[in-house]
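**Q** Take this structure, written in structure tokens, and hold onto it; I'll ask about it next.
Residue numbers (our numbering): 4 to 471.
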């Protein structure tokens, strides 16, 4: 006679067989690769949520909920550490699939209970804060769980339905409408996740099929090049999937922003209005983070291409001066840009993004003195420099500053200071322009970033070196 665990094992493994094993194993492997990041992010959000609710919810409830969350994630980490490399055979994949279903159900139930236990009756501000956190967790699940379909649907349902039903139970019109909106949001994120599931599964299928093709044609020299191109195409499809994931994730974030705007327009107490302002700042930071992630994903996926054309530098510098002059003035800094009369041949939009990122960084990390932009005609083309008198970069950090997520002065990982992708984006954009960026820095004195726009025919000419 089959036990309950045996029945669960059969149910969760019914669509995993020898035919689709490579595809399902790829989905499970992607889920395992993101496992620790997912657990860490949920623990962090849980701690922050309890901190924000500390003055409104019984401490025993908050500590009990947080303890349950830590206990479940501790078990997850234990199984991940012990069995993370066991994903080769059909039985091993089925075992991991069952574990994922169980763990996701427990974690989803814990978060669903948060929507009930931490719901503060009569306080719209705390209710809005709780719902925004839950919707944010749901939006994050869309990017991590599409690699493993069942866990996405189970997690979203257990996460959102309890707080939705609680709003229905309150009985007034506002909460009834809010409950309906939560159901609409649940349908929306599930539909978005389903699209990402198809995209990712197709990328895995293409990668697997191309790998088979390469293996079959390894002895056939005349067809090896085509097989190589097919394998690279599969890799690009995976990059495009993550770019699409970031793009789709921005949509629910815009919905959160609109929800905050609706709250601001209502009649609120001063304490609730302060809470709404905090929500607004948090949503702005999250939207900025997703925009940055989308930029880096589009660059890695090869979506962004350079379009070279002749254009004048001065109008571009004037535009940037107008954008950053007030920001520099507010910090008591000077902003000097040399007049660079003449023409260059490059991509004006990409060059503008490069200079905007460099100027933003320079002003952010400079407390006194100023920022200077210069351009010089050199043998190779036009050399552009962005220099500041800021804190500088320690020598041991210089080799790493163009790496993704690397931040010299943000060891606490304060997300209001960005994700550490600005210089990584600059480095990719500079490469698209056939340039190479260089950096020189003295700690406590300042930093200079420079790159040379290659000469491309008679369009390159410079005049006027007078500073303004």
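Positions of the beta carbon are idealized from the N, C-alpha and C atoms, including for glycine.
Note down, in chain order, each residue of its chain lying with its Cβ closer than 6 Å to the Cβ of residue 397, except the 5 sequence neighbours on either side.
**A** Here the set comprises 446.
**Q** Write down the C-beta distance between residue 119 and residue 165 rounded to the nearest angstrom, noting that I regard them as a contact closer than 8 Å.
**A** At roughly 5 Å, the Cβ-Cβ gap stays under 8 Å, so residue 119 and residue 165 are in contact.
**Q** Compare the Cα-Cα distances from residue 373 to each of 405, 339 and 364 and report the closest residue.
**A** Comparing Cα positions, the closest option is 339.
**Q** Roughly how many whole angstroms lie between the Cα atoms of residue 403 and residue 442?
**A** Each residue's alpha carbon lies about 11 Å from the other.
**Q** What residues match up with residue 380 in a beta bridge as DSSP calls it?
**A** Looking at the DSSP assignment, residue 380 forms a beta bridge with 385.
**Q** Buried or exposed: where does residue 79 fall if 16 or more other Cβ atoms within 10 Å of its Cβ makes it buried?
**A** Under this definition residue 79 is a buried residue.
**Q** Mind checking which residues open and close the beta strand (DSSP E) that includes residue 315?
**A** Counting along the chain, the beta strand (DSSP E) containing residue 315 begins and ends at 312-315.
**Q** Counting only the same chain and skipping the five closest in sequence on each side, list residues whose C-beta sits under 6 Å from that of residue 337.
**A** For residue 337, where only same-chain residues beyond five positions count, the Cβ hits under 6 Å are 373.
**Q** Determine the direct distance from the alpha carbon of residue 45 to that of residue 181, and round the result to whole angstroms.
**A** Their backbone Cα atoms lie some 24 Å apart in a straight line.
**Q** With distances taken Cα to Cα, identify the nearest neighbour of residue 382 among 456, 343 and 316.
**A** With distances taken between Cα atoms, residue 382 lies closest to 456.
**Q** Would you list the residues sitting across from residue 454 in a DSSP beta bridge?
**A** Per DSSP, 387.
**Q** Going by DSSP, name the residue or residues bridged to residue 442.
**A** Answer is 452.
**Q** Could you check which residue in 353, 371, 138 and 104 has the C-alpha nearest to that of residue 394?
**A** It is 371.
**Q** CA-CA distance, residue 349 and residue 434?
**A** Their backbone Cα atoms lie some 12 Å apart in a straight line.
**Q** When you compare only the Cα positions, how much space is there between residue 131 and residue 191?
**A** Going by the C-alpha atoms only, they are around 19 Å apart.
**Q** Can you give the Cα-Cα distance for residue 114 and residue 71, rounded to whole angstroms?
**A** Approximately 10 Å, taken between the alpha carbons.
**Q** For residue 157, which beta-bridge partners are listed by DSSP?
**A** Paired residue(s): none; residue 157 is not in a bridge.
**Q** My output table needs one value for residue 373: the three-state DSSP class, helix, strand or coil.
**A** Looking at residue 373 - three-state DSSP - the assignment turns out to be strand.
**Q** Rounded to whole angstroms, what is the Cα-Cα separation between residue 357 and residue 124?
**A** One C-alpha to the other measures close to 49 Å.
**Q** Between which two residues does the alpha helix (DSSP H) holding residue 352 run?
**A** Where residue 352 is concerned, the enclosing alpha helix (DSSP H) stretches over 351-367.
**Q** Is the beta carbon of residue 389 closer than 9 Å to that of residue 361?
**A** Yes, the pair counts as a contact, with Cβ atoms nearer than the cut-off.
**Q** From the DSSP secondary-structure annotation, give me the bridge partner or partners of residue 39.
**A** Paired residues: none, contrary to the question.
**Q** What residue range is occupied by the uninterrupted beta strand (DSSP E) comprising residue 337?
**A** Residues 337-340.
**Q** Give me the Cα-Cα distance between residue 2 and residue 97, rounded to the nearest whole angstrom.
**A** What the structure shows of the chain is the stretch from 4 to 471, and residue 2 is not part of that stretch, so it cannot be assessed.
**Q** Spatial neighbours of residue 95 within its chain, please: CB distance less than 6 Å, with the 5 preceding and 5 following residues excluded, ordered by chain position.
**A** Cβ within range, chain order: 89.
**Q** Can you tell me whether residue 476 is helix, strand or coil according to DSSP?
**A** For residue 476 there is no data in the structure shown, the boundaries of the chain being 4 and 471.
**Q** Once DSSP output is grouped into helix, strand and coil, what is the label at residue 49?
**A** Helix at residue 49.
**Q** Quick check on DSSP: helix, strand or coil for residue 87?
**A** Here residue 87 sits in coil by DSSP.
**Q** For the alpha helix (DSSP H) that residue 110 lies in, which residues bound it at each end?
**A** First-last of the alpha helix (DSSP H) with residue 110: 93-120.
**Q** Using the Cβ count rule (16 or more neighbours within 10 Å means buried), how would you classify residue 50?
**A** Residue 50 comes out exposed.
**Q** Of the choices 36, 392 and 136, whose alpha-carbon is the least far from that of residue 331?
**A** It is 392.
**Q** Note down the Cα distance separating residue 81 from residue 155, rounded to an integer number of angstroms.
**A** Near 22 Å, if we compare the C-alpha coordinates of residue 155 and residue 81.
**Q** According to DSSP, is residue 133 part of a helix, a strand, or is it coil?
**A** Correct three-state label for residue 133: helix.
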